[in-house]
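Heads up: the structure comes next, in structure tokens.
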Amino acid sequence: MKVSHIEHLGIAVKSLDTAIPYWEKMLGTKCYNIEEVADQKVKTAFFKVGDTKIELLESTSPEGSIGKFIEKRGEGVHHVAFAVDGIENCLAECEANGIQLIDKAPRGGAEGLSIAFLHPKSTGGVLTELCENKNK
Numbered sequence: 001m002k003v004s005h006i007e008h009l010g011i012a013v014k015s016l017d018t019a020i021p022y023w024e025k026m027l028g029t030k031c032y033n034i035e036e037v038a039d040q041k042v043k044t045a046f047f048k049v050g051d052t053k054i055e056l057l058e059s060t061s062p063e064g065s066i067g068k069f070i071e072k073r074g075e076g077v078h079h080v081a082f083a084v085d086g087i088e089n090c091l092a093e094c095e096a097n098g099i100q101l102i103d104k105a106p107r108g109g110a111e112g113l114s115i116a117f118l119h120p121k122s123t124g125g126v127l128t129e130l131c132e133n134k135n136k
């Protein structure tokens, strides 16, 4: 598997309204996209930092993965996402190498990306997301 760059760092927050002003001041840039991903029960906000993005994640339901994460661990870094080409092949390679997959097949994510998660039990405790921009 070849990773081209860190696509984004996902940060779980209780409120985008509270978090966005902090990150705008911290990064010296404006949030360029806010989007809801209904099937993942999350609202996202993005900031560009070089080739990498910061993705803020606010739960739209306590039953969503971000709501559960915040309830259990509080706000903070949720995942690291890597940009790849051929996400299906990357998942097959990961599985062949004994990495536990959360997603056996890619699904739709924010900003039109194809995404899939690898389980932190087999990635050194780090929830890892693979992302592919099939529209480039």
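Take 1 as the starting number for the sequence shown in UniProt numbering and just add one per residue. Glycine included, each C-beta is placed from N, C-alpha and C at the ideal position.
- If you look at residue 34, you'll find it in the beta strand (DSSP E) that goes 33 to 37.
- Looking at the DSSP output, residue 118 bridges to 101, 128.
- Per the C-alpha coordinates, the member of 113, 110, 101 positioned closest to residue 122 is 101.
- Excluding its 5 nearest sequence neighbours in each direction, residue 35 has C-beta neighbours in its own chain below 6 Å: 44, 110, listed in chain order.
- Apart from the 5 residues on each side of it in sequence, residue 38 sits with its Cβ closer than 8 Å to the Cβ of 60 in its chain, given in chain order.
- Counting every other CB atom within 10 Å of its CB across the protein chains shown gives residue 5 a total below 16, marking it as exposed.
- Secondary structure of residue 18 (DSSP, three-state): helix.
- Three or more Cβ pairs closer than 8 Å define a contact, and the stretch 19 to 30 falls short of that threshold against the stretch 85 to 97.
- Within the same chain, and ignoring the five residues on either side of residue 120 in sequence, the residues whose Cβ sits closer than 8 Å to its Cβ are 126, 127, 128.
- DSSP places residue 76 inside the beta strand (DSSP E), whose first and last residues are 76 to 84.
- Minimum Cα-Cα distance from residue 115 among the listed residues 56, 40, 77, 31 corresponds to 40.
- C-alpha of residue 105 to C-alpha of residue 88: approximately 7 Å in a straight line.
- DSSP places residue 108 in the strand class (E or B) of the three-state scheme.
- In the DSSP annotation of this structure, the continuous segment of the beta strand (DSSP E) that includes residue 59 starts and ends at 52 to 59.
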